[in-house]
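Peer 1: All residue numbers for the sequence shown refer to my numbering, where the first residue is 3 and numbers rise by one.
Sharing a structure here in structure tokens format.
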Amino acid sequence: MINAHIWKRKPPRIAQKSLWRPFTKGGLGVPNVNLYYKASLLAQGLTILERPSPPVWLALENACTANGSIPLSLWAGSKLPITKTKSLLPTTVSLLHNWKRSTSLFLRSNDLLLAAPLQALAARTPDIHLDNWLKQGISHVRSLMTPDGIKPFPDLIREFHISPRELFSYLRLKNIIQECRINMGEPDHSTPFILKCMGKLPKTKALSLCYNMLLLHNKPSKTSYMSKWESDLGMYIPIEVWHYAQSLTKQASHSLNQWETYCKLTMRWYLVPTKLAHIYPGADDRCWRCHNCEGSLLHIFWSCTHITSLWQEIHALLYKILGVTVPLTPECFLLHIFPDTLPVETAVFTIHCLMATKTAIEHRWKSPLSPTLPEILGRLDSTHAYERMASRLTSSQTKYRSRWQVWVDYRKGEPPPQGP
């Protein structure tokens with residue numbers, strides 16, 4: 003239903019994964035309703051584990067289980083023994099089933115059990131009593147472990163003053179740990195999800211954390227439009243550089259129109275002549291300005307002879323205003339992939355100037371005429387007025403002045419800053 007609304011029942015122009023990806027990861031941030039439902043169940047489980055006192059409904063549900071503890075079963079990932087005379091609510095059953103399926107996507111096997119309270123091991127074995135262990139300060143499974151496995155019993159006696167009479171309990175714990183294949187492996191780098199389970203991230207919202215873990219559980223990979231741009235430009239762009247450019251562009255302006263224009267260009271939405279010729283065989287694939295070259299996306303926005311002079315004027319304008327030289331390359335001017343030496347505030351104003359130019363090109367779509375420099379300056383004035391009003395509403399005047407003072411000085415005719 004959401005996709006039908008977005009695309010107005012027409013074929014989608016980008017992959018569905020690009021719709022769901024966050025803005026900072028090269029997507030549009032459209033909510034994935036199915037993942038939100040699973041994340042809400044995970045968040046409910048997180049709430050159970052991190053709260054010192056369980057909610058009232060949990061006490062009622064615990065009465066339906068043989069071991070009387072749903073939280074320990076969440077930690078241990080074990081099946082919950084249900085009494086014959088009672089049954090859990092459907093919502094709780096969904097929570098338990100989803101917990102095991104979803105956590106397996108972004109956690110290694112038994113990562114949760116390694117960080118679990120020591121009582122979680124008792125949920126896997128009946129009639130094991132660990133009260134004496136808890137009194138001696140062994141509160142979590144991790145306390146028993148070394149990178150090579152469970153600590154030898156003499157070491158536990160020296161470290162925690164465990165009674166030698168607990169040898170049988172130790173052997174049972176060792177057997178459980180070996181059956182579960184619990185292993186610390188690499189040095190501890192607990193994920194935010196595990197830290198939240200342990201109550202160490204009280205300010206982090208559980209639902210947002212779970213949704214992002216489900217959405218981004220795979221290693222970030224390049225989208226098809228990123229690969230196509232690299233092919234067009236004949237260069238390799240690391241995915242971290244893509245993400246930084248997209249994040250910087252998103253944070254540069256309060257205007258959704260600017261962000262929309264950037265997304266439409268980078269994600270290659272535009273129906274340029276070459277794309278139309280592919281959809282409709284026999285259609286003219288030449289540029290509507292020069293009528294000589296193929297009208298590819300890169301040609302329409304960058305290499306057409308009718309548009310290159312405009313970009314040269316913008317390049318000179320940026321140097322006159324900022325006093326620095328921004329490389330006149332398509333990756334800089336179209337994708338906002340700037341050199342590392344360019345200061346952030348300078349890059350932000352550059353983005354505003356480039357977005358005004360690309361919006362002007364977009365507004366002259368299929369027109370043989372190219373935008374003019376006075377038109378770009380007028381659009382920059384409008385953008386400046388919009389950002390000034392937005393800064394007042396969001397109490398961000400300091401950030402506004404640091405980004406736009408060079409433009410105010412330029413329009414007043416004051417001497418621009420000297421180049422390096």
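Beta carbons: idealized from backbone N, C-alpha and C, even for Gly.
All figures in this text were calculated on a predicted structure; none of them were measured in a lab.
(1) Would T26 and Q248 be called neighbours here (beta carbons separated by less than 9 angstroms)?
(2) When burial is assigned at 16 or more other CB atoms within 10 Å of the CB, is K207 buried or exposed?
(3) I'd like to check one pair, M269 with I16: are the Cβ atoms closer than 9 angstroms?
(4) Buried or exposed: which applies to T327, given that a residue is buried once 16 or more other Cβ atoms fall within 10 Å of its Cβ?
(5) Are the CB atoms of L114 and T105 within a distance shorter than 9 angstroms?
(6) For H142, list the residues DSSP reports as bridge partners.
(7) To the nearest whole angstrom, what separates the beta carbons of L97 and Q46, a pair I think is in contact under 8 angstroms?
(8) Measuring straight from C-alpha to C-alpha, what distance separates E333 and M228?
(9) Take F155 and list the residues in its own chain whose beta-carbon comes closer than 7 angstroms to its own, dropping the five residues that flank it on each side.
(10) So, are the CB atoms of L375 and E315 less than 9 angstroms apart?
(11) What do you get for A61, buried or exposed, if any count of 16 or more other CB atoms within 10 angstroms of its CB means buried?
(12) Mind checking who E296 pairs with in its DSSP beta bridge?
(13) Let me confirm a value: S255 is counted as buried when at least 16 other C-beta atoms fall within 10 Å, else exposed. Which label applies?
(14) DSSP three-state label for I152, please.
(15) Work out the CA separation of C199 and E347 for me, nearest whole Å.
(16) Ordered along the chain, which non-local residues of its own chain (more than five positions away) have a Cβ less than 6 angstroms from that of P189?
(17) What are the residues that DSSP puts in a beta bridge with M147?
(18) Assuming P370 and R291 make a contact with CB atoms under 8 angstroms, what is their CB distance in whole Å?
(19) Within its chain, find whatever has a CB closer than 8 angstroms to the CB of E458; leave out the 5 residues flanking it on each side and keep chain order.
(20) I need the straight-line Cα distance from Y264 to L337, nearest angstrom please.
(21) If you measure between the beta carbons of D383 and R413, is that distance less than 9 angstroms?
(22) Check whether the Cβ atoms of L175 and I159 lie closer than 9 angstroms to each other.
(23) Just to confirm my understanding: we take T359, look at its own chain, exclude 5 residues before and 5 after, and list those with CB closer than 6 angstroms. What are they?
(24) Output the distance between the C-alpha atoms of L51 and K230, rounded to the nearest integer angstrom.
(25) Compute the beta-carbon to beta-carbon distance between R381 and T352, rounded to the nearest angstrom, for a pair I have assumed lies under 8 angstroms.
(26) Do you know whose CA, among L76, A118, P119, lies nearest H99's CA?
(27) Tell me which same chain residues have a C-beta within less than 7 angstroms of the C-beta of K40, skipping the five on either side of it?
(28) Mapping the DSSP letters down to three states, classify M200 as helix, strand or coil.
(29) Quick one, which of L320, P149, I140 has its alpha-carbon nearest E161's?
(30) Where does G47 sit, in a helix, a strand or coil, going by DSSP?
(31) Could you check if Q121 is buried or exposed, using at least 16 other CB atoms within 10 Å of its CB as the buried criterion?
(32) Out of curiosity, what's the CA-to-CA distance linking V408 and W244?
(33) Alpha carbon to alpha carbon, how far is T385 from H354?
(34) Rounded C-beta distance between H142 and P166? I'm assuming under 8 angstroms.
(35) Using the Cβ count rule (16 or more neighbours within 10 Å means buried), how would you classify I281?
(36) Could you tell me whether the Cβ atoms of I196 and L123 are closer together than 9 angstroms?
Peer 2: According to the structure shown:
(1) Yes, Cβ-Cβ distance for T26 and Q248 is below 9 angstroms.
(2) The residue is exposed, with fewer than 16 neighbouring Cβ atoms inside 10 Å.
(3) Cβ distance < 9 angstroms, so I16 and M269 count as in contact.
(4) Exposed, by the Cβ-count rule.
(5) In this structure, L114 lies closer than 9 angstroms to T105 by Cβ.
(6) Checking the DSSP bridge columns, you'll see H142 partnered with P119.
(7) Confirmed, about 6 angstroms.
(8) Using only the alpha carbons, I get a separation of about 12 angstroms.
(9) The beta carbon of F155 is closer than 7 angstroms to those of L169, Y172 in its chain, skipping five residues each way along the sequence.
(10) Note that the C-beta distance between L375 and E315 is below 9 angstroms.
(11) Residue environment for A61: exposed (fewer than 16 other C-beta atoms within 10 angstroms of its C-beta).
(12) Residue pairing by DSSP puts E296 in a beta bridge opposite R288.
(13) Counting C-beta atoms within 10 angstroms of its own C-beta, S255 has 16 or more neighbours from the protein chains shown and is therefore classed as buried.
(14) The answer is strand: DSSP assigns I152 an E or B state.
(15) Per the coordinates, the alpha-carbon of E347 lies some 39 angstroms from the alpha-carbon of C199.
(16) A caution first: P189 carries a pLDDT of 44, below 50, which makes its placement in the model too unreliable to give a value.
(17) M147 is bridged by DSSP to I152.
(18) Contact holds; Cβ gap of about 5 angstroms.
(19) Beyond the ends of the chain as shown, which are 3 and 422, falls residue 458; an answer cannot be given.
(20) For Y264 and L337, the distance between alpha carbons rounds to 8 angstroms.
(21) In this structure, D383 lies near R413, with their beta-carbon atoms less than 9 angstroms apart.
(22) Taking 9 angstroms as the cut-off, the Cβ atoms of L175 and I159 do not count as close.
(23) Result list for T359: I316, I378, in chain order.
(24) C-alpha separation (whole angstroms): 45 angstroms.
(25) About 15 angstroms separates the beta carbons of R381 and T352, which is beyond the 8 angstroms limit, so they are not a contact pair.
(26) The shortest C-alpha separation from H99 is found at L76.
(27) Once the five neighbours on either side are set aside, the close Cβ partners of K40 are N100, S104, L216.
(28) In this structure, M200 counts as coil in the three-state DSSP scheme.
(29) Closest option to E161, Cα to Cα, is I140.
(30) DSSP places G47 in helix when its eight states are reduced to three.
(31) Buried is the call here.
(32) So the two alpha carbons sit approximately 27 angstroms from each other.
(33) As the crow flies, the alpha-carbon of T385 is around 8 angstroms from that of H354.
(34) Incorrect: roughly 23 angstroms between the Cβ atoms, too far for contact.
(35) Under this definition I281 is an exposed residue.
(36) Contact annotation: I196 and L123 have beta-carbon atoms that are not nearer than 9 angstroms.
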